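Notes for the one structure printed next.
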Amino acid sequence: MQRITMIVAMKQEAASIIKHLNLSDIDMHDPVLTCQAFQGNYKGLDISLVVNGTDREYNVESVGTQPATITTLEAIRQFKPDLLINAGTCGAFQDKGSAIGDVYMGEKIRYFDRRIPLGEDYFAYGDGSYVSKLAGEYARQLGLKTAVVCTGNSLDMSPTDEAILREEPVVAKEMEAAAIAAVAKLYKTPLLAMKSVTDLMDEKDTTAEQFLANLTRASELLQQNVFRLLDLLSNQTKAA
Ligand code: ADE
Numbered sequence: 001m002q003r004i005t006m007i008v009a010m011k012q013e014a015a016s017i018i019k020h021l022n023l024s025d026i027d028m029h030d031p032v033l034t035c036q037a038f039q040g041n042y043k044g045l046d047i048s049l050v051v052n053g054t055d056r057e058y059n060v061e062s063v064g065t066q067p068a069t070i071t072t073l074e075a076i077r078q079f080k081p082d083l084l085i086n087a088g089t090c091g092a093f094q095d096k097g098s099a100i101g102d103v104y105m106g107e108k109i110r111y112f113d114r115r116i117p118l119g120e121d122y123f124a125y126g127d128g129s130y131v132s133k134l135a136g137e138y139a140r141q142l143g144l145k146t147a148v149v150c151t152g153n154s155l156d157m158s159p160t161d162e163a164i165l166r167e168e169p170v171v172a173k174e175m176e177a178a179a180i181a182a183v184a185k186l187y188k189t190p191l192l193a194m195k196s197v198t199d200l201m202d203e204k205d206t207t208a209e210q211f212l213a214n215l216t217r218a219s220e221l222l223q224q225n226v227f228r229l230l231d232l233l234s235n236q237t238k239a240a
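Take the sequence shown: its position 212, counted from the start at 1, is 212 in the working numbering, and no numbers get skipped.
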């Protein structure tokens, strides 16, 4: 049976997936960590889903690369997945053809705000480029567009960030995937990133306003496409 672990940053993004997959709460091994796990079976697939959980000091969802790293490490140790799926929301550029609710598969994942100009090697380390070998084929089979998933630790966008983001043809800007990819690479676990657009960064309304207004709808569209991906994976497992 194929073991799949989904890493989702916020409980609002995960709620619809947990509900429709009928996943139940299970304990993570380390109670000090805030991440929360859910588990179940879907069409022969052994599914776990882990969210970063609520920050105990600030009482907000733990977004960003630091909780994503811890969650992924802990999830890989506990669930030993054959495949990781990072499902979440993102910002995108309207003038590069994106619209609210578009769902992308990340063919490449990189940092956009880890700039280390200390020569080629540090520069490449900072950039952290990860190529998802599976993304192109699954995107094709699902009829989804691909994007470069660009990770940083800010929801808003500075002019420096924008210049770097605009180097890519199609952008899915978010806050976790490159950190998840680094841990996936260490443990030689394949990773697929699927991102649904909540906000257009070249729109007049602020990212925060758009994000809050579109989070529920974008999360539903994300859930629908996660299901399409799981159906495909289930059929492939049965055919194998
Ligand atoms: N998640 C959703 N929209 C985002 C944005 N514009 N930047 C970072 N993370 C996001």
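All residues carry an ideal CB built from backbone N, CA and C; glycine is no exception.
These numbers were taken from a predicted model, which means no experiment stands behind them.
{"Item": "heavy atom of the ligand ADE below 7 angstroms from L221 C-beta", "Value": "no"}
{"Item": "contact_flag[the stretch 79-89, the stretch 2-22] where n(CB pairs < 8 angstroms) is 3 or more", "Value": "yes"}
{"Item": "Near the ligand ADE: L155 beta-carbon under 7 angstroms from a heavy atom", "Value": "yes"}
{"Item": "Candidates N41, L222 and R56, of which the one nearest L142 by Cα", "Value": "L222"}
{"Item": "Rounded C-alpha distance that separates F79 from K204", "Value": "43 angstroms"}
{"Item": "Residue list, Cβ distance to the ligand ADE heavy atoms smaller than 6 angstroms", "Value": "T89, C90, G91, L155, K173, E174, M175, T198, D199, M201, T207 and F211"}
{"Item": "Local conformation of D30 per DSSP, three classes", "Value": "coil"}
{"Item": "Exposed unless 16 or more other CB atoms sit within 10 angstroms - verdict on N59", "Value": "exposed"}
{"Item": "Ranges of the alpha helix (DSSP H) found wholly within the stretch 94-152, counting only runs of at least 4", "Value": "120-127 and 135-142"}
{"Item": "Given 8 angstroms, three or more beta-carbon pairs between the stretch 214-229 and the stretch 149-163", "Value": "no"}
{"Item": "Span of the alpha helix (DSSP H) around K11", "Value": "K11 to L21"}
{"Item": "Straight-line gap, H20 to D82 (C-alpha atoms, nearest Å)", "Value": "22 angstroms"}
{"Item": "Pair within 8 angstroms by beta-carbon distance, I26 and A37", "Value": "yes"}
{"Item": "Collapsed DSSP secondary structure at L155 in the structure displayed", "Value": "coil"}
{"Item": "Residue nearest to I100 in terms of C-alpha spacing, selected from A213, Q236, N41 and T69", "Value": "A213"}
{"Item": "D231 beta carbon less than 8 angstroms from that of G245", "Value": "Not covered by the structure: residue 245. The range shown for the chain is 1 to 240."}
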